[in-house]
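Have a look at the structure below before the remarks.
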Amino acid sequence: MQLDFQAREVTVKLVYYGPALSGKTTNLQAIHRLLTPEGKGRLMTLETRDDRTLFFDLLPLTVNTEMGLTVRIKLFTVPGQVIHNSTRRLVLQGADGVAFIADSQVAEVRANQASFKDLRKNLRENGIDPAAMPLVIQYNKRDLPNVRSEEEIMRMASQGKERIYLATATHGAGVADTFMGLIGTTWENMERQHKLTERFGLNEQAVMSDLRRRFGPPVEATKHG
Amino acid sequence: MDESKTADISYGEIANLEDLIDRDSLREVCRSFFDLFGLSIRVFSQRGSLLANVHEERSVCRYVNSLTKGRVACAETVAQAQMLVPEGGTTVTHNCFTGAVYHVVPIIYDERQLGRIVIGPFLPSETNEIPASLLHIDPQVEPARARLALAEMPRVRAQTAGRIATHLRGVLDLILFSGHRARLTSAMHLATVRENYRELSEKNTRLQDAYDKLKELDRLKSNFLATVSHELRTPLTSIIGYSEMLEAGIAGDLSPEQLGFVETIRTKGELLLQLISSLLDLNKLERGQLSISTEYVDPRAVLAEVKDTCLPEAEKKHIKLELSWHQDVPAVQADPVRLRQILINLVSNAVKFTPDSGRVDLSVKTTEMRVAQGDDDDDDAGGFGAALMMAPERAVEFCVKDTGIGIPEAEIAKIFDAFYQVDGSSTREYGGAGLGLSIARSLVEAHHGTIRVASELGQGTSFFVTLPEAQPDQA
Ligand SMILES: Nc1nc2c(ncn2[C@@H]2O[C@H](COP(=O)(O)OP(=O)(O)OP(=O)(O)O)[C@@H](O)[C@H]2O)c(=O)[nH]1
Ligand SMILES: Nc1ncnc2c1ncn2[C@@H]1O[C@H](COP(=O)(O)OP(=O)(O)OP(=O)(O)O)[C@@H](O)[C@H]1O
Ligand SMILES: [Mg+2]
Ligand SMILES: [Mg+2]
Chain A
1 MQLDFQAREV TVKLVYYGPA LSGKTTNLQA IHRLLTPEGK GRLMTLETRD DRTLFFDLLP
61 LTVNTEMGLT VRIKLFTVPG QVIHNSTRRL VLQGADGVAF IADSQVAEVR ANQASFKDLR
121 KNLRENGIDP AAMPLVIQYN KRDLPNVRSE EEIMRMASQG KERIYLATAT HGAGVADTFM
181 GLIGTTWENM ERQHKLTERF GLNEQAVMSD LRRRFGPPVE ATKHG
Chain B
226 MDESKTADIS YGEIANLEDL IDRDSLREVC RSFFDLFGLS IRVFSQRGSL LANVHEERSV
286 CRYVNSLTKG RVACAETVAQ AQMLVPEGGT TVTHNCFTGA VYHVVPIIYD ERQLGRIVIG
346 PFLPSETNEI PASLLHIDPQ VEPARARLAL AEMPRVRAQT AGRIATHLRG VLDLILFSGH
406 RARLTSAMHL ATVRENYREL SEKNTRLQDA YDKLKELDRL KSNFLATVSH ELRTPLTSII
466 GYSEMLEAGI AGDLSPEQLG FVETIRTKGE LLLQLISSLL DLNKLERGQL SISTEYVDPR
526 AVLAEVKDTC LPEAEKKHIK LELSWHQDVP AVQADPVRLR QILINLVSNA VKFTPDSGRV
586 DLSVKTTEMR VAQGDDDDDD AGGFGAALMM APERAVEFCV KDTGIGIPEA EIAKIFDAFY
646 QVDGSSTREY GGAGLGLSIA RSLVEAHHGT IRVASELGQG TSFFVTLPEA QPDQA
């Protein structure tokens with residue numbers, strides 16, 4: 001998080017992490033599509049090859065609050081392919097919250113686990129305690145056959161503390177919920193650390209409801225956990 | 226610089242127009258707008274530096290500037306227009322005493338104001354009358370000339386001016402976006418390269434540490450071997466010496482049985498001594514400490530000596546040991562003791578691994594070889610200066626050929642390793658420590674030669690040692 005008193009700005013960095021081809025870029029594209037134009041920047045895609053992210057995607061969003069404070073939200077995706085590890089670590093620098101986009105397909109269990117380990121390792125290497133990083137998990141690609149069943153996911157979810165979302169990013173389903181969940185946990189954490197309400201009168205509720213309003217009607221309610 | 230680049234990456238933000246924009250492209254865009262609409266355009270960054278300036282002096286401006294008071298007033302107006310910073314993201318209009326106007330349009334990127342565009346001066350189409358402010362700006366103003374000059378000022382309707390500004394902002398936004406992307410991309414390229422380099426350096430350091438440790442271990446092992454071998458050899462020489470004296474009857478006559486025991490002590494002692502010498506040789510060879518004193522050596526003479534040395538062993542197994550050579554074999558530059566050691570190792574292997582009544586042929590002939598030139602990377606065949614570097618030299622090839630058990634294909638690469646034996650089991654029927662070939666190869670290499678082997682399982686084995694011909698100037 002970055003606080004600029006002079007410009008009365010708060011900048012929040014959120015990173016979409018996960019294995020290759022799990023749908024990180026698709027999540028950002030859907031968010032970009034679903035949001036109303038106000039305060040929505042261009043979706044910037046840095047270097048791709050065959051639609052695979054090489055550096056990152058970036059979607060900037062802005063929320064202007066009544067108290068005259070501007071909240072700037074930067075959504076990043078990392079490249080999921082294993083070889084781009086140093087790039088992932090660079091993009092992860094300064095993240096305030098992470099959405100882990102997992103692939104629901106049963107065959108991808110290993111890839112999800114490996115990527116999650118990789119996330120923890122890279123956080124540690126950036127000097128961050130993984131347990132202290134606000135995190136939500138999205139099980140994407142619910143539309144495909146051979147996916148892990150919902151009950152099973154919920155059973156696993158009940159053992160962890162993170163919020164879990166189900167999504168079909170290509171249809172835009174569950175994408176807004178995941179994002180709202182991510183900004184929610186991230187904000188709670190920032191509030192604890194920086195006392196934003198007390199110091200700046202920055203109200204979480206106002207920011208959240210403004211963002212929620214800017215998403216169109218829900219595509220499909222899939223929040224769980 | 227470094228830090229700002231890292232900051233760019235971590236939030237993907239850029240605060241200065243100067244950092245985003247390619248000035249030449251900006252100038253070209255402004256130029257094309259000027260060509261299209263005939264309006265002067267200036268682009269300023271938020272801090273006020275002029276980034277592009279495409280304008281034409283209007284007749285009325287020229288006229289006003291030719292008058293003393295007019296010049297002062299004009300300079301003031303222009304300065305004001307250029308200093309004007311629009312607030313709240315909306316265009317502001319700045320009026321000139323000539324009746325012309327400037328539009329100051331904010332440049333907003335990623336919800337931030339990064340600079341402004343100053344469009345004009347132009348006359349709003351609605352203006353019909355020549356304004357009094359122009360007529361009164363200087364006592365010397367001639368209304369007729371002023372009217373004529375003003376008529377040449379471009380006229381634009383307020384609505385059109387707004388559309389032009391919107392269009393220009395749109396084009397600029399695209400330029401800013403690609404500039405932003407290009408900058409982030411290059412920052413990422415740099416950062417990734419740096420990060421990869423850092424990672425590799427760390428790995429290299431770890432590998433180097435491990436390598437250093439291994440080297441140190443190797444050195445300790447060599448020292449240990451050298452010391453222990455030396456300590457073993459001294460008492461062993463005494464044991465052999467006293468056994469010989471016993472055998473020779475110096476301490477009195479021995480019964481045949483006693484003589485047999487003493488003989489066994491002596492032969493086993495000699496075997497042990499040989500093994501220790503081999504170990505020492507190998508150790509010295511590995512450390513490059515074995516001194517080799519070379520001289521002209523006649524290959525045929527050496528081969529003949531080797532045959533004589535190995536003949537008794539061969540005869541025990543009824544193996545035929547044959548010698549042959551070509552007449553014109555040249556001399557080699559070698560250490561005769563070491564050359565003999567190489568060949569004896571090969572011949573004794575041949576005899577050892579050939580069943581009774583087999584055959585071992587020793588021969589020597591002239592051949593050619595490519596000689597390694599110092600520390601050059603010799604194996605880039607066909608590479609730089611190949612026509613010169615690949616030229617072969619005349620050489621001498623020794624061959625030891627047997628009709629023995631042969632060596633399996635998969636083992637061939639390993640038999641030159643120290644202590645390696647094809648059948649390494651403790652119950653193997655052949656004696657030895659597995660050091661002979663390893664020593665032979667090191668010695669051959671110390672002579673700038675090569676050693677190779679051809680074998681067929683169950684049929685026999687041939688070892689070839691090739692040494693370069695003695696060079697006349699190296700005596
Ligand atoms: N069926 C289905 N396909 C999806 C879904 N989400 C993404 N995909 C597809 O999965 C593929 C990869 O999606 P991306 O968003 O590019 O994946 P990524 O995680 O950004 O991949 P990297 O950039 O390589 O790390 C694309 O072909 C998407 O269309 C989904 O919910 N259902
Ligand atoms: N002429 C040969 N025919 C078949 N096998 C051979 C022949 N020469 C060498 N070998 C194989 O290569 C191995 C290594 O040979 P080397 O001379 O290094 O060791 P060694 O003869 O077993 O012992 P040492 O020479 O130390 O007494 C041998 O043990 C044998 O298995
Ligand atoms: Mg991607
Ligand atoms: Mg041997």
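As they're listed, the protein sequences go chains A and B.
For the first sequence, the residue numbers in this note's numbering are 1 to 225.
For the second sequence, the residue numbers in this note's numbering are 226 to 700.
Note that beta-carbon positions come from the ideal geometry of N, C-alpha and C, so glycine has one too.
Checklist entry - Taking the alpha carbon of A:Met44 as the point to measure from, which residue in A:Tyr16, A:Leu21, A:Phe76 and A:Leu34 has its own alpha carbon closest? => result Among A:Tyr16, A:Leu21, A:Phe76 and A:Leu34, the Cα nearest to that of A:Met44 is on A:Phe76.
Item to check | N- and C-terminal bounds of the beta strand (DSSP E) containing B:Cys624 | outcome: Start and end: Glu618 to Asp627.
Next on the checklist: Under 8 Å, Cβ to Cβ, is there at least one residue of chain A near B:Arg406?
Outcome noted: Chain A, which has a Cβ nearer than 8 Å to the Cβ of B:Arg406, makes this yes.
Next on the checklist: Less than 8 Å between C-beta atoms, sequence neighbours within five positions excluded: which residues of the same chain meet that for A:Met133?
Outcome noted: The beta carbon of A:Met133 is closer than 8 Å to those of Ala95, Gly97, Val98 and Leu123 in its chain, skipping five residues each way along the sequence.
Next on the checklist: Is A:Thr170 close to ligand 1? I mean its beta-carbon at under 7 Å from any heavy atom of the ligand.
Outcome noted: It does: the Cβ of A:Thr170 is within 7 Å (strictly closer) of some heavy atom of ligand 1.
Next on the checklist: Nearest by alpha-carbon distance to B:Gly659: which of B:Ala369, B:Ser291 and B:Phe578 is it?
Outcome noted: If we check each option's Cα against that of B:Gly659, B:Phe578 comes out closest.
Next on the checklist: Could you check whether the Cβ of A:Gln52 sits closer than 7 Å to any heavy atom belonging to ligand 1?
Outcome noted: Strictly speaking, residue 52 of chain A in this sequence is Arg, with Gln absent from that position. The answer is yes for A:Arg52.
Checklist entry - Ordered along the chain, which non-local residues of its own chain (more than five positions away) have a Cβ less than 8 Å from that of A:Gly41? => result Sequence-distant partners of A:Gly41 (beyond 5 residues in either direction) whose C-beta falls short of 8 Å from its own C-beta, in its chain, are Leu59, Pro60, Leu61 and Thr62.
Item to check | Secondary structure of A:Ile183, DSSP reduced to three states | outcome: DSSP places A:Ile183 in helix when its eight states are reduced to three.
Checklist entry - Straight-line CA distance for B:Asp227 to B:Asn241? => result Because B:Asp227 carries a pLDDT of 42, less than 50, the predicted location of this residue cannot be relied on, and no value is offered for it.
Next on the checklist: B:Gly674 and B:Leu741 - do their beta-carbons sit closer together than 8 Å?
Outcome noted: Here chain B covers residues 226 to 700 and nothing more, so residue 741 of chain B does not appear.
Checklist entry - For B:His319, which beta-bridge partners are listed by DSSP? => result Paired residues: B:Tyr327.
Item to check | Delimiting residues of the alpha helix (DSSP H) encompassing B:Ser663 | outcome: Gly661 to Ala671 is the extent of the alpha helix (DSSP H) around B:Ser663.
Next on the checklist: Under 8 Å, Cβ to Cβ, is there at least one residue of chain A near B:Gly607?
Outcome noted: At B:Gly607 the pLDDT is 47, less than 50, meaning the model places this residue with poor confidence; the figure from the coordinates comes in the next sentence. Taking 8 Å as the CB threshold, B:Gly607 stays off the interface with chain A.
Checklist entry - From A:Ser149 to A:Ile31, what distance separates their C-alpha atoms? => result So the two alpha carbons sit approximately 25 Å from each other.
Checklist entry - Which value, in whole angstroms, describes the spacing of the CA atoms of B:Tyr422 and A:Leu90? => result Answer to the nearest angstrom: the Cα atoms are 13 Å apart.
Checklist entry - Just the Cα atoms here: how many angstroms apart are B:Val625 and B:Glu636? => result Cα-Cα distance, rounded: 19 Å.
Item to check | Which of helix, strand or coil DSSP assigns to B:Gly599 | outcome: In this prediction, B:Gly599 scores a pLDDT of 45, lower than 50, which makes its location untrustworthy; the coordinate-derived value is nonetheless stated afterwards. B:Gly599: coil per DSSP, three-state reduction.
Checklist entry - Measuring CA to CA, which of B:Glu420, B:Arg512 and B:Ala306 is closest to B:Lys446? => result Taking only the C-alpha atoms, the option nearest B:Lys446 is B:Arg512.
Checklist entry - What is the DSSP secondary structure of B:Gly685, counted as helix, strand or coil? => result In the three-state scheme derived from DSSP, where H, G and I count as helix and E and B as strand, B:Gly685 is classed as strand.
Checklist entry - When DSSP labels each residue in this structure, what does B:Glu282 get in the three-state scheme? => result B:Glu282 falls in the coil class under three-state DSSP.
Next on the checklist: Shorter than 7 Å, the distance from the beta carbon of B:Ile637 to the closest heavy atom of ligand 6, or not?
Outcome noted: Ligands present in the displayed structure are limited to ligand 1, ligand 2, ligand 3 and ligand 4, and ligand 6 is not among them.
Checklist entry - Among residues of its own chain, excluding the 5 on either side of B:Glu243, which ones have a beta-carbon nearer than 8 Å to its beta-carbon? => result Taking B:Glu243 as the centre and dropping the five residues before and after it, the same chain places the C-beta of Ser270, Ser274 and Leu276 closer than 8 Å to its C-beta, in chain order.
Next on the checklist: Does the CB of A:Glu108 have a neighbour CB from chain B at under 8 Å?
Outcome noted: With 8 Å as the cut-off, A:Glu108 does not count as an interface residue toward chain B.
Next on the checklist: Less than 8 Å between the C-beta atoms of B:Arg458 and B:Leu498, yes or no?
Outcome noted: Yes, they are a contact pair.
Item to check | Nearest-angstrom Cα separation, counted from A:Met208 out to B:His414 | outcome: Taken atom to atom, the span from the alpha-carbon of B:His414 to that of A:Met208 is near 35 Å.
Next on the checklist: Any beta carbon of chain A sitting closer than 8 Å to that of B:Gly340?
Outcome noted: With 8 Å as the cut-off, B:Gly340 does not count as an interface residue toward chain A.
Checklist entry - What residues from chain A crowd round B:Glu312, counting only those whose CB sits closer than 7 Å? => result Against chain A, a Cβ distance below 7 Å from B:Glu312 picks out nothing, because the smallest value is about 14 Å.
Checklist entry - Which residues in the same chain as A:Leu119 place their Cβ atom closer than 6 Å to its Cβ, once the five residues preceding and following it in sequence are excluded? => result Hits under 6 Å: Tyr17.
Checklist entry - Between which two residues does the beta strand (DSSP E) containing B:Ala526 stretch? => result Looking at the DSSP string, B:Ala526 is not in any beta strand (DSSP E); the run it does join, the alpha helix (DSSP H), is Pro524 to Lys541.
Checklist entry - Who sits around ligand 4, taking every residue whose Cβ is closer than 7 Å to one of its heavy atoms? => result For ligand 4, the selected residues are B:Asn570, B:Ser573, B:Asn574, B:Lys577, B:Gly657, B:Gly661 and B:Leu662.
Next on the checklist: Output needed for B:Ala298: all residues of its chain with C-beta closer than 8 Å, excluding positions within five of it in sequence on either side, in chain order.
Outcome noted: Closer than 8 Å at Cβ, skipping near neighbours: Val289, Phe322, Ile362 and Asp363.
Checklist entry - At a CB-CB cut-off below 7 Å, which residues of chain A make contact with B:Thr391? => result By Cβ distance, chain A contributes nothing, its closest Cβ being about 15 Å from B:Thr391, past 7 Å.
Next on the checklist: Using a Cβ-Cβ distance cut-off of 8 Å, determine whether B:Asp244 contacts chain A.
Outcome noted: No, because no Cβ of chain A sits closer than 8 Å to the Cβ of B:Asp244.
Next on the checklist: Does any residue of chain B have a CB that is nearer than 8 Å to the CB of A:Met44?
Outcome noted: Output row for A:Met44: interface = yes.
Checklist entry - Bridge partners of B:Pro349, per DSSP? => result Note: B:Pro349 sits in a beta bridge opposite B:Val381.
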